[in-house]
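Protein chains: 2
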Amino acid sequence: MKKLVIVGGVAGGASAAARARRLDEQAEIVLLERGEHISFANCGLPYHIGGDIEQRDALLLQTPASFKARFNVDVRVHNEVLSIDSAAQRVTILNRVTGQRYQESYDALILSPGAAPVVPPIPGLQNPRTFSLRNLPDMDKILTAIEQHQPKHATVVGGGFIGLEMVEALHQRGIQVSLVEMADQVMAPVDPEMANMLHQELVDHDVDLHLATALQRVEETPQGLRLQLSNDKVLETELMISAIGVKPEVSLAANAGLTIGELGGIQVDAQMRTSDPHIFAVGDAVEEIDLLTGQPALIPLAGPANRQGRIAANVIFGQDSRYNRTQGTAICRVFSLAVANTGLNEKRLAQLGWDYDKVYVHGASHASYFPGAHPVSLKLLFSPKDGKLLGAQAVGKDGIDKRIDVLAVAIRAGMTVFDLTEMELTYAPPFGSAKDVLNQAGFVASNRVTGETALVHSQALDDAGDDQLLLDVRNPGELSRTGTIAGAINIPVDQLRERLAELPKDKTILVFCQVGLRGHVATKLLTNSGFQAKNLTGGYKTYQAVNARF
Amino acid sequence: MKKLVIVGGVAGGASAAARARRLDEQAEIVLLERGEHISFANCGLPYHIGGDIEQRDALLLQTPASFKARFNVDVRVHNEVLSIDSAAQRVTILNRVTGQRYQESYDALILSPGAAPVVPPIPGLQNPRTFSLRNLPDMDKILTAIEQHQPKHATVVGGGFIGLEMVEALHQRGIQVSLVEMADQVMAPVDPEMANMLHQELVDHDVDLHLATALQRVEETPQGLRLQLSNDKVLETELMISAIGVKPEVSLAANAGLTIGELGGIQVDAQMRTSDPHIFAVGDAVEEIDLLTGQPALIPLAGPANRQGRIAANVIFGQDSRYNRTQGTAICRVFSLAVANTGLNEKRLAQLGWDYDKVYVHGASHASYFPGAHPVSLKLLFSPKDGKLLGAQAVGKDGIDKRIDVLAVAIRAGMTVFDLTEMELTYAPPFGSAKDVLNQAGFVASNRVTGETALVHSQALDDAGDDQLLLDVRNPGELSRTGTIAGAINIPVDQLRERLAELPKDKTILVFCQVGLRGHVATKLLTNSGFQAKNLTGGYKTYQAVNARF
Ligand SMILES: Cc1cc2nc3c(=O)[nH]c(=O)nc-3n(C[C@H](O)[C@H](O)[C@H](O)COP(=O)(O)OP(=O)(O)OC[C@H]3O[C@@H](n4cnc5c(N)ncnc54)[C@H](O)[C@@H]3O)c2cc1C
Ligand SMILES: Cc1cc2nc3c(=O)[nH]c(=O)nc-3n(C[C@H](O)[C@H](O)[C@H](O)COP(=O)(O)OP(=O)(O)OC[C@H]3O[C@@H](n4cnc5c(N)ncnc54)[C@H](O)[C@@H]3O)c2cc1C
Ligand SMILES: CC(C)(COP(=O)(O)OP(=O)(O)OC[C@H]1O[C@@H](n2cnc3c(N)ncnc32)[C@H](O)[C@@H]1OP(=O)(O)O)[C@@H](O)C(=O)NCCC(=O)NCCS
Ligand SMILES: CC(C)(COP(=O)(O)OP(=O)(O)OC[C@H]1O[C@@H](n2cnc3c(N)ncnc32)[C@H](O)[C@@H]1OP(=O)(O)O)[C@@H](O)C(=O)NCCC(=O)NCCS
Numbered sequence: 001m002k003k004l005v006i007v008g009g010v011a012g013g014a015s016a017a018a019r020a021r022r023l024d025e026q027a028e029i030v031l032l033e034r035g036e037h038i039s040f041a042n043c044g045l046p047y048h049i050g051g052d053i054e055q056r057d058a059l060l061l062q063t064p065a066s067f068k069a070r071f072n073v074d075v076r077v078h079n080e081v082l083s084i085d086s087a088a089q090r091v092t093i094l095n096r097v098t099g100q101r102y103q104e105s106y107d108a109l110i111l112s113p114g115a116a117p118v119v120p121p122i123p124g125l126q127n128p129r130t131f132s133l134r135n136l137p138d139m140d141k142i143l144t145a146i147e148q149h150q151p152k153h154a155t156v157v158g159g160g161f162i163g164l165e166m167v168e169a170l171h172q173r174g175i176q177v178s179l180v181e182m183a184d185q186v187m188a189p190v191d192p193e194m195a196n197m198l199h200q201e202l203v204d205h206d207v208d209l210h211l212a213t214a215l216q217r218v219e220e221t222p223q224g225l226r227l228q229l230s231n232d233k234v235l236e237t238e239l240m241i242s243a244i245g246v247k248p249e250v251s252l253a254a255n256a257g258l259t260i261g262e263l264g265g266i267q268v269d270a271q272m273r274t275s276d277p278h279i280f281a282v283g284d285a286v287e288e289i290d291l292l293t294g295q296p297a298l299i300p301l302a303g304p305a306n307r308q309g310r311i312a313a314n315v316i317f318g319q320d321s322r323y324n325r326t327q328g329t330a331i332c333r334v335f336s337l338a339v340a341n342t343g344l345n346e347k348r349l350a351q352l353g354w355d356y357d358k359v360y361v362h363g364a365s366h367a368s369y370f371p372g373a374h375p376v377s378l379k380l381l382f383s384p385k386d387g388k389l390l391g392a393q394a395v396g397k398d399g400i401d402k403r404i405d406v407l408a409v410a411i412r413a414g415m416t417v418f419d420l421t422e423m424e425l426t427y428a429p430p431f432g433s434a435k436d437v438l439n440q441a442g443f444v445a446s447n448r449v450t451g452e453t454a455l456v457h458s459q460a461l462d463d464a465g466d467d468q469l470l471l472d473v474r475n476p477g478e479l480s481r482t483g484t485i486a487g488a489i490n491i492p493v494d495q496l497r498e499r500l501a502e503l504p505k506d507k508t509i510l511v512f513c514q515v516g517l518r519g520h521v522a523t524k525l526l527t528n529s530g531f532q533a534k535n536l537t538g539g540y541k542t543y544q545a546v547n548a549r550f
Numbered sequence: 001m002k003k004l005v006i007v008g009g010v011a012g013g014a015s016a017a018a019r020a021r022r023l024d025e026q027a028e029i030v031l032l033e034r035g036e037h038i039s040f041a042n043c044g045l046p047y048h049i050g051g052d053i054e055q056r057d058a059l060l061l062q063t064p065a066s067f068k069a070r071f072n073v074d075v076r077v078h079n080e081v082l083s084i085d086s087a088a089q090r091v092t093i094l095n096r097v098t099g100q101r102y103q104e105s106y107d108a109l110i111l112s113p114g115a116a117p118v119v120p121p122i123p124g125l126q127n128p129r130t131f132s133l134r135n136l137p138d139m140d141k142i143l144t145a146i147e148q149h150q151p152k153h154a155t156v157v158g159g160g161f162i163g164l165e166m167v168e169a170l171h172q173r174g175i176q177v178s179l180v181e182m183a184d185q186v187m188a189p190v191d192p193e194m195a196n197m198l199h200q201e202l203v204d205h206d207v208d209l210h211l212a213t214a215l216q217r218v219e220e221t222p223q224g225l226r227l228q229l230s231n232d233k234v235l236e237t238e239l240m241i242s243a244i245g246v247k248p249e250v251s252l253a254a255n256a257g258l259t260i261g262e263l264g265g266i267q268v269d270a271q272m273r274t275s276d277p278h279i280f281a282v283g284d285a286v287e288e289i290d291l292l293t294g295q296p297a298l299i300p301l302a303g304p305a306n307r308q309g310r311i312a313a314n315v316i317f318g319q320d321s322r323y324n325r326t327q328g329t330a331i332c333r334v335f336s337l338a339v340a341n342t343g344l345n346e347k348r349l350a351q352l353g354w355d356y357d358k359v360y361v362h363g364a365s366h367a368s369y370f371p372g373a374h375p376v377s378l379k380l381l382f383s384p385k386d387g388k389l390l391g392a393q394a395v396g397k398d399g400i401d402k403r404i405d406v407l408a409v410a411i412r413a414g415m416t417v418f419d420l421t422e423m424e425l426t427y428a429p430p431f432g433s434a435k436d437v438l439n440q441a442g443f444v445a446s447n448r449v450t451g452e453t454a455l456v457h458s459q460a461l462d463d464a465g466d467d468q469l470l471l472d473v474r475n476p477g478e479l480s481r482t483g484t485i486a487g488a489i490n491i492p493v494d495q496l497r498e499r500l501a502e503l504p505k506d507k508t509i510l511v512f513c514q515v516g517l518r519g520h521v522a523t524k525l526l527t528n529s530g531f532q533a534k535n536l537t538g539g540y541k542t543y544q545a546v547n548a549r550f
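Here the protein sequences line up with chains A and B, keeping their order.
Residue numbering for the first sequence follows my numbering, beginning at 1 and increasing consecutively.
Residue numbering for the second sequence follows my numbering, beginning at 1 and increasing consecutively.
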């Protein structure tokens, strides 16, 4: 009879325990959790604070008793594993209720200790009004503080997904929120111009946004906290949430001599085995291998943790199961918007020095003539050589998850932009379009790869010289509503054919419209009439997103 | 300079014309349309009747004038092509306004005449209260009839997607609706048990449903119509919509000697070329090749028509563009439900005699602890040998388009059920689950393919003999609410381990719960304890769907 010991009782650990029991009815399975709860919905914590999830109980998917009943797992909460003796195959445990220490032997050990909120070395951070959020006790403390102080103002430090969810949660509770982020954008997995759409949404919801700004010092005041920022501003606030990131909990593993990877996570092979053949590790604590680069990556998300827990159990009970790399698919709600991404972003591609190109499309979430359609702003990254898909990001009110999910699978399948043109997706007016925004992105990108159309990116427009002419092909009404790019002349696309004589043949004409579609029609008309022309990817809408400053 | 003539000015034809102009500024492009409109949203017609799309104008995406201005296409509405002289490369045209006939030569001809509503040989069908729906004049006639007669009752004949959309549209206008369908299910692309969920939804919305019923005779009465049905019932109704299917419009092509395929559509190669090298055909009028079977298929949908139009233009202007087969992805709204499918269904697999198996999962559209989650009922068909995906169907209130779109791409990529287990999809509580219903379907199906679990299908339960025992592992409360399967004994999953002694070792235990998940846990417990057990796929929920009778 095998004895399996598991450290950590939430996403990775509980999944491993449940799967292990399904694979072996006889095995002894001990689940050790230092906290009070197992199997809780970490991801739901901000939504209970904000009020979307009304019942606290809804966050508890299993209890030690229910887990025992269903899976005959020996669950021990308030039991912290202090050390691993890998030679003896034994862990030392502290019962945090009784204070007693004891040992437990194992045939196989799974580590799923997760990742802890990063605590930066900022003076004054340890104070009773500053919180981080990882588990239910953290959540309860925040709710109690809100109850107790009835704050009018709170500050979130860190604009990753937990920070953004907390901004929204506090806003939903009627609290004015400041958001302080050290980078020049929130939501690091997407590129800055996509993040700018989120910045706009935050500002539109009265969030006081401080980008490219570090928190330098925290002081307690009679009313709450005084935050000194690197932009020389001072925020008087009543509550602070620190959400600047998480780092793998590796002390147990490191002290046991297990190999720690270059990014600071536990190193594992595809079978989730650490450098010790009897010890497996899964979830936020481990380094994964990026699907496209083959390099290590830290992806602290629930999907991978759940699936890795299942794989570790499979391997321990004799199956040859493998975790097939990660592509970092993620999504976050930011007020009325969703932002999602999969694969590599442009920042990373530039850093890698890979040959890549990009297109932007802003299509409708479903048939534009059917009510309730919203723009889906999609950025697609691909290889200009063969069109291989490298990454995708999308922002919008509806259908964002769908487009990124489809692209996640397409990337995993090694598909190209040409495959996108062929995708046969569901279409009826309430659900899609005859040519979905994904097909359109495929058309635009494949025109680029075949060389059928030349594109110019907003990011390159500043370098436009005297040999270039900016041509806005929108209607005058649109220009007066939204403005245009400095120096552009205006000929509406539908008049272009009659007014070609107004255009020079010795300059490159940089054509743009609102989103790129009419610009494409105009660019084709011009190049097929002997002009040199390029179309601005994503049109004026992307231009604005690229050039917005917050 | 090339001269391109196009017959039909809507999905396929207009797309081809627009693309042709983008590829060649000099070509002469003539678009001939016998009706009054080009580029209209056929798919929106039912939704304007129902009121979702308020403005009739929203259905007109382009007019002859706007198309001329943008694309310099010579659009001639009310111009019907009567015949093709393929030797002379010339068409004969009737101007339906002037009555004049004339000819037009071509270098290349594209046929996109679409498909016409099938008119069955039923006595009395030609009457002023019976309508079919293909274009705006048809829609206008229906709206006028509703205006004029203020019907309290209407009948839709045919339960395909147009019929179902018309049922809903009429219902939205406060009209009591009967639906008459000859097959024993609506929505032929899905299998009967999935369609049963739609039948329930129709009945729940007071639709008077007649399945397996043919319309035999129509008589005019002073109040409206009297419909004689094959089930010996007679319906007194005030308005009738005939929507029993469409058939390719091939008379032009057939008269010109072009090859017509075995299903009655124009035969084309992957470049959309007919048997005459100068004549191309696209859209509803052509036969496509099924992605999985390689056999001809008729898929009268807008996405293929649009993309084929673009491909035909590409080929005519020198690109080697190919239509890469069809998989029949489709979706339809039925009141609060969506139903969608891609790939092959079980009926077709059985007909083909292929080796296949299936699983059902009923997962949540997003995290079940976040408000607004609805069940996604998914049926997955795959090869039991290697797990290759063969088809999928889904029904539910939310997230149906997303799941089928992802699976459509997975099928196109040749993926297996094992790939589903690895899919890295977007997850945050409002959008998905840490293990999406697609991952779950992958787990269940891969357990089947590897032989890790034995499954039993509801469809086979009737054959259960004395050597089998039905075991319901739900809680007693659930049983009293929903009932159970006749002959089943009840041991809740969480008591099973303690009560194994109550079960026989010499019988096969057929385990079930509500959706299959707890049944799986119980089945593993039993088999790992030396019992013979099989889990009922999709649980009692699928059992009910399989056995419902309407
Ligand atoms: C507020 C919040 C929101 C989130 N939202 C999302 C989201 O929307 N989508 C998404 O994909 N992911 C989200 N996540 C991330 C997701 O929750 C994690 O990726 C996932 O829980 C990781 O699983 P894990 O098993 O590795 O670690 P955890 O779930 O963190 O579990 C680790 C457990 O191990 C215990 N432990 C650690 N060390 C020991 C020890 N020595 N002895 C005993 N026990 C120990 C800890 O107490 C902890 O309970 C969110 C996380 C948070 C905190
Ligand atoms: C009510 C309704 C709802 C629909 N809903 C959906 C949906 O939700 N999703 C979906 O994917 N599809 C839907 N469709 C189907 C979709 O509209 C068709 O697949 C698509 O329009 C086919 O394009 P086509 O160019 O082949 O034919 P059509 O769009 O039908 O265009 C053919 C045109 O050719 C003209 N024509 C024919 N013969 C001649 C001739 N000899 N001379 C001149 N002109 C000629 C006709 O007048 C017609 O306007 C729906 C169709 C209808 C009618
Ligand atoms: C609750 C928890 C213990 C469940 O673990 P689990 O039992 O492995 O997962 P599920 O309940 O999803 O069940 C999956 C199993 O049911 C099976 N299953 C699912 N639907 C099924 C169906 N319709 N028919 C048959 N089997 C089905 C799957 O095949 C899988 O079994 P397998 O692994 O043996 O193949 C674990 O997910 C957990 O702790 N979650 C909370 C923590 C967390 O994830 N936090 C982060 C997100 S907020
Ligand atoms: C209106 C209609 C004529 C438009 O045809 P179209 O111009 O080919 O299609 P779109 O307007 O979608 O534009 C697609 C083109 O814009 C390009 N494009 C789209 N978004 C773009 C962007 N953001 N940047 C650059 N180019 C873009 C595409 O690459 C494609 O050009 P290409 O074919 O040269 O590669 C045709 O779709 C039609 O008649 N539709 C109505 C009928 C119908 O489909 N009915 C059934 C459904 S209800």
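Beta carbons are placed, not taken as given, at the ideal position from N, Cα and C, and that holds for glycine.
None of the values given here were measured: they were computed from a predicted structure.
Secondary structure note for residue 512 of chain B: it is in no alpha helix (DSSP H), and the uninterrupted beta strand (DSSP E) holding it is 508-512. Residue 462 of chain A sits in a helix when the DSSP states are folded into three classes.
Residue 305 of chain A sits away from residue 328 of chain A, with the two beta carbons spaced by 8 Å or more. Only those residues of the segment 507-529 of chain A whose C-beta falls short of 7 Å from the nearest C-beta of chain B are listed: 521, 524, 525, 528 and 529. Within the DSSP secondary-structure output, residue 80 of chain B pairs in a beta bridge with B:94.
The beta-bridge partner set that DSSP reports for residue 362 of chain B consists of B:377. Inter-residue distance for residue 239 of chain A and residue 150 of chain A is about 10 Å (C-alpha atoms, whole angstroms). Residue pairing of residue 389 of chain A in beta bridges, as defined by DSSP: A:382. Closest in C-alpha terms to residue 456 of chain B, from the list B:310, B:519, B:311 and B:436, comes B:519. Residue 415 of chain A belongs to the set of residues whose beta carbon lies under 8 Å from a beta carbon in chain B. At a cut-off of 8 Å between beta-carbon atoms, residue 435 of chain B makes contact with chain A. Relative to residue 171 of chain A, the option among A:319, A:338, A:308 and A:47 whose CA is nearest is A:47. Contact check for residue 510 of chain B and residue 464 of chain B: beta-carbon distance about 6 Å, within the 8 Å limit, so the pair qualifies.
Across the set B:434, B:187, B:428 and B:178, the C-alpha of B:178 shows the shortest separation from the C-alpha of residue 236 of chain B. Straight-line spacing of the CA atoms in residue 481 of chain A and residue 341 of chain A works out to 31 Å.
Residue A:491 holds the alpha-carbon nearest to the alpha-carbon of residue 470 of chain A among A:491, A:450 and A:452. Within 8 Å of the CB of residue 53 of chain A, the CB atoms of chain B belong to 369, 370, 371 and 429, in sequence order along the chain. Here the C-alpha atom of residue 252 of chain B lies approximately 14 Å from the C-alpha atom of residue 33 of chain B. Contact with chain B is found for residue 333 of chain A, since one of that chain's Cβ atoms lies less than 8 Å from the residue's Cβ. Among the residues facing chain B, residue 106 of chain A is not included, as its CB has no counterpart in that chain under 8 Å away.
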